[in-house]
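Keeping their order, the protein sequence lines are chains Y and Z. Residue 396 in the working numbering is what sits at position 73 of the first sequence, and the numbering runs on without skipping anything. Residue 434 in the working numbering is what sits at position 224 of the second sequence, and the numbering runs on without skipping anything. Note that beta-carbon positions come from the ideal geometry of N, C-alpha and C, so glycine has one too. Accompanying notes for the structure given below.
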Amino acid sequence: MDIKNEKVGDFVVVRIDGRIDTTNYTEFEKIIAEVIDGGEKNLVLDCKNLNYISSSGLRVFLITQKRLMGAGGKLHLCTMQPSIKEIFDISGFSTIFKIYDSEAEALSN
Amino acid sequence: MIKVEHLSKHYGDLVVLKDVNAEIEKGEVISIIGPSGTGKSTFLRCLNLLDQPTGGQIIIDGVPLLNKHSNVPKMRQRMGMVFQSFNLYSHLTILENLTIGPVKLLNKTKAEANRKAMELLKLVGLAEKVYSFPDELSGGQKQRIAIARCMAMESEIILFDEPTSALDPTMVSEVLAVIRRLAREGMTMLIVTHEMEFARNISSRVFYMDEGIIYEQGTPEQIFENPKFEKTKAFIHRIRSMRFNITSPNYDLYALQAEMEAFCEKHMISKKVSGRVILLAEELLCLQPDFSNIELVLSYSEKNMSVEFECLSKGNAFNIFENEKTADELGVLLIKGQSKTYNYEYANGTNKITLTIRE
C-alpha cells in the first residue's frame, strides 16, 4: 500500500495505491488519523488504484467517516474500481458514503 | 463368466495393478473409468494376456487362465480386443482383414468367412468398403472395422481400450453407435473410456479405477449420481482442488492469496471469481477463534464450472453465521455477499464452513 496526500482547495485528497487488508489497515488508519489530527475536516479518498479491500479496511473508512462527520467535515470517495464498488455495495457501505465517479466531482460537492 | 482375483501387474518397482478383484457376468457392459495412469488399459491387456500379470488369477467360465495347463490361445480367442489405434493390417483389404483370423485360427472355409464378414460389414454399416484398404477409410470407419473383426473371430467378450480417443470428435458417435448396438444384442463388453455420458448410458456397471485397484464400482446411477468416495466424486465432477494448512495466527496472507490466485489462473477461473476467493480466504481466517489447525480447501469443478471453498477448523463448535460476536460482523456480511450458498456444520470436533462462490 502506498498513500499520497495532496491539499486541493478545502479538501485533502488521499490517493490510495494497492491494497488495504488485515496486515496493513493499522498503517492506513494511522495515516488518515494524522491528517485529521492535523486539522483537516474534508477528505477525498481517491480509490482509483485501490485494488483490494477487506473488512479490516472498510472499518477504517467507517471510523474516518464518523470522525469527520462528528467534526462537521466531509468524506468523499471517488474513482472506485468495479470490484471495490461491489464490496461497498455488498456491505451496504455504498449508501453510507458519498461515492463519485471522478475526483473533480468529489472536490466540487 | 469372468472372475478376477487379486490381479497384480508390476513393471520393476512400478506397481500398476495392485489388487484387482471383479466378477463379470455374461451380457454385462462394464465401463472402466478413472484418471490416466491408474491401470485401466493394463487391466484389459492383462485380461487377455497381452501383458502377463505379475500375480492373481483370471478365471473364465470356471477355467483358470493363468494355470500352466490352460489352453491360452483358445481362451484368448473368446476375448477380442479393440485398440485405440485400430491395428488393422494395412496391406490387406477390409474383407481380408476380417477373414484372415477365422480362416487361419478358426479353420473356417474362405466362403464361410467371406459370408460372415459381409454380414458383419453390413452390421457396422460399411459393406460398401469390402474391397477398400484401411488407409482409404476414416478413423471412425477403421474402428468400426476393428470391431467387426473381433466379431468375425466369434469373440464372446470384447475388450475396448479407449476406442474413441484417437478419433476426430465428428467420428466418435459412429463408433459409439456400433458399440451400443452390440450392447443391445447382449455382447459382454469391458470398455475403457473417457466418454462419460456414453459410459453412463450404455453400462450395466461402472468400474472406477484408481491406485491400482477397482476403487469403486456400481451402477451408472451410483457412480455418476452418488459416488461413495471422495476420489470418485472428484473424478466424476472433474474437481481440481488445493489444500492450505494454517496453524498460526501469524500466517502469511500474501503467500496464501498468491497461491490461490495461481490456482484460479491455472484453471482459467475468471478474475472476478478469483478476487472473491482471495477476499473470502482473508475474511474466513479473520473470524477464526482457534488457529491450532485450520485447513482451507479450494475446489473447482470443471463439469459444473463452479468454485467451492471449505474452511475446516478443529476446536469447539463456532458458527460464524450465528455467533453473537460475529454474526453481524462486516466480515460475515462480505462472506455471505460473495457466496452463492453458505453452510456450517460441526462434526467430530471440526467446524466446517462450505461456500459456493458467486459467479
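Point to revise | Paired residues, beta bridge with F519 of chain Z - DSSP | key: Z:L508 and Z:L565
Exercise for review: Report the neighbours of E532 of chain Z on chain Y: residues whose CB is nearer than 9 Å to its CB, in chain order.
Suggested key: Result: empty, since nearest Cβ-Cβ is about 18 Å, beyond 9 Å.
**Study point:** Proximity of L463 of chain Z and T346 of chain Y at Cβ, strictly below 8 Å
**Key:** yes
Check your understanding: In terms of residues, what are the limits of the beta strand (DSSP E) holding M397 of chain Z?
Key -> From DSSP, M397 of chain Z is part of no beta strand (DSSP E); its letter is neither H nor E.
Exercise for review: Could you tell me which residues DSSP pairs with K364 of chain Y in its beta bridges?
Suggested key: Note: K364 of chain Y sits in no beta bridge, so no partner.
Check your understanding: Thinking C-beta only, is G266 of chain Z closer than 8 Å to H216 of chain Z?
Key -> yes
Point to revise | Span separating the alpha-carbon of T248 of chain Z from that of D420 of chain Z | key: 5 Å
Review point. Smallest Cα separation from E235 of chain Z: which of Z:S413, Z:Q548 and Z:Y461?
Key: Z:S413
Check your understanding: How big is the Cα-Cα spacing for F408 of chain Z and L308 of chain Z?
Key -> 27 Å
Practice item. Determine the contact status of F417 of chain Z and Q353 of chain Z, defining contact as a CB-CB distance below 8 Å. Key: no
Point to revise | Cα-Cα separation between V337 of chain Y and V487 of chain Z, rounded to whole angstroms | key: 28 Å
Point to revise | Within-8 Å CB hit, E493 of chain Z to chain Y | key: yes
**Study point:** Per DSSP, the bridge partner or partners of A616 of chain Z
**Key:** The structure shown does not extend to residue 616 of chain Z, since chain Z spans only 211 to 569, so no value can be given for it.
Check your understanding: Fully enclosed by the stretch 379–437 of chain Z, which beta strand (DSSP E) runs are 3 residues long or longer?
Key -> 398–402, 415–420 and 423–428
Check your understanding: Would you say C474 of chain Z faces chain Y, with C-beta separation under 8 Å as the test?
Key -> no
Practice item. Scan the stretch 347–381 of chain Y for residues whose Cβ lies nearer than 8 Å to a Cβ of chain Z and list them as they occur along the chain. Key: Y375, S377, S378, S379 and L381
**Study point:** Residue burial classification, P373 of chain Z (beta-carbon count within 10 angstroms, cutoff 16)
**Key:** buried
Practice item. Identify the continuous alpha helix (DSSP H) that holds G541 of chain Z and give its terminal residues. Key: L540 to Q548
Check your understanding: Any contact of the stretch 520–535 of chain Z with the stretch 553–565 of chain Z, i.e. 3+ C-beta pairs under 8 Å?
Key -> yes
Point to revise | Through-space distance from E475 of chain Z to V385 of chain Z, alpha-carbon basis | key: 36 Å
Practice item. Return the first residue and the last residue of the beta strand (DSSP E) that E233 of chain Z is part of. Key: L224 to I234
Practice item. Return the chain-ordered list of same chain residues with a C-beta closer than 6 Å to the C-beta of K250 of chain Z, the five sequence neighbours on each side being excluded. Key: I242, G244, V402 and M419
Check your understanding: With a CB to CB cut of under 6 Å and the five nearest residues on each side skipped, what residues in its chain are close to A394 of chain Y?
Key -> K364
Review point. Can E505 of chain Z and R453 of chain Z be called in contact, C-beta distance under 8 Å?
Key: yes
Check your understanding: Would a check of beta-carbon distances place C496 of chain Z closer than 8 Å to chain Y?
Key -> yes
Review point. Mind pulling the alpha helix (DSSP H) runs of 4 or more residues that sit fully within the stretch 234–270 of chain Z?
Key: 250–257
Check your understanding: D344 of chain Y CB to nearest chain Z CB: under 8 Å?
Key -> yes
Exercise for review: Anything in chain Y within Cβ reach of L543 of chain Z, meaning under 9 Å, just list it in chain order.
Suggested key: S378, I413, S414 and G415
**Study point:** Within chain Y, partners of L463 of chain Z - CB distance below 9 Å
**Key:** D344, T345 and T346
Check your understanding: Just the Cα atoms here: how many angstroms apart are V483 of chain Z and P263 of chain Z?
Key -> 48 Å
Exercise for review: Give the range of the alpha helix (DSSP H) segment to which K408 of chain Y is assigned.
Suggested key: P405 to S414
Practice item. Could you round the C-beta distance between C401 of chain Y and S425 of chain Y to whole angstroms and report it? I think they count as a contact, below 8 Å. Key: 6 Å
Check your understanding: Is the Cβ of S489 of chain Z closer than 8 Å to any Cβ of chain Y?
Key -> Note that residue 489 of chain Z is Leu in the sequence shown here, rather than Ser. Taking Cβ atoms only, chain Y reaches closer than 8 Å to L489 of chain Z, which makes this a yes.
Review point. From Z:Y510, Z:N514, Z:E493 and Z:Q498, pick the residue whose C-alpha is nearest to that of Q548 of chain Z; which is it?
Key: Z:E493
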